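See structure below.
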Amino acid sequence: MARSQHRSQKKVSGGRYRQFRTKRKYELAGFPTNTQVRPEALVRTSRTLGGNRKKRILSGNLINVTDPKGKSTKTEILKVIENAANPNLVRRNIITEGAIVETKLGKVRVTSRPGQEGSINGILVGK
Numbered sequence: 238m239a240r241s242q243h244r245s246q247k248k249v250s251g252g253r254y255r256q257f258r259t260k261r262k263y264e265l266a267g268f269p270t271n272t273q274v275r276p277e278a279l280v281r282t283s284r285t286l287g288g289n290r291k292k293r294i295l296s297g298n299l300i301n302v303t304d305p306k307g308k309s310t311k312t313e314i315l316k317v318i319e320n321a322a323n324p325n326l327v328r329r330n331i332i333t334e335g336a337i338v339e340t341k342l343g344k345v346r347v348t349s350r351p352g353q354e355g356s357i358n359g360i361l362v363g364k
């Protein structure tokens with residue numbers, strides 16, 4: 238069965254909605270990329286709706302860090318420290334937007350979406 242982003246078939250009260258049509262191609266949902274911290278960088282391209290291409294980073298250990306003054310440098314990610322979206326992602330070293338990672342420059346908050354944009358960017362939070 239296909240993964241869908243369609244409205245749930247159950248109401249808040251527990252009742253069921255009547256199905257008025259079948260699933261549509263544009264409602265299909267993809268599986269999460271789960272970008273991991275690893276030395277080798279793996280980038281895959283996938284076709285999206287309209288024939289466009291999307292780059293997905295499956296693994297990598299380099300991040301573009303911007304400090305408060307606006308200077309950007311590329312540095313190595315050591316590990317994932319915190320993730321407000323899901324604490325289980327920290328144990329698996331998975332990078333998502335909003336995750337706090339440990340780098341050689343200090344703590345960095347990820348501002349990009351690695352599974353959607355094809356790069357890992359962040360801003361320096363603290364030493």
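In this text, residue positions in the sequence shown follow the working numbering: the first is 238, and each later residue adds one. The beta-carbon is built from N, C-alpha and C at its ideal position, and this holds for glycine as well. It should be emphasised that the depicted structure is a prediction, and the values quoted were computed from it without experimental measurement.
For secondary structure counted as the beta strand (DSSP E) over 3 or more consecutive residues, the segment 284-348 holds these complete runs in sequence order: 290-297, 299-303, 309-319, 337-340 and 344-347. Pairing VAL280 with GLN246, the inter-Cα distance amounts to about 36 Å.
In this structure, ILE332 sits away from THR282, with a CB-CB distance that is not shorter than 8 Å.
Straight-line spacing of the CA atoms in THR348 and VAL302 works out to 10 Å. DSSP lists no beta-bridge partner residue for ILE357.
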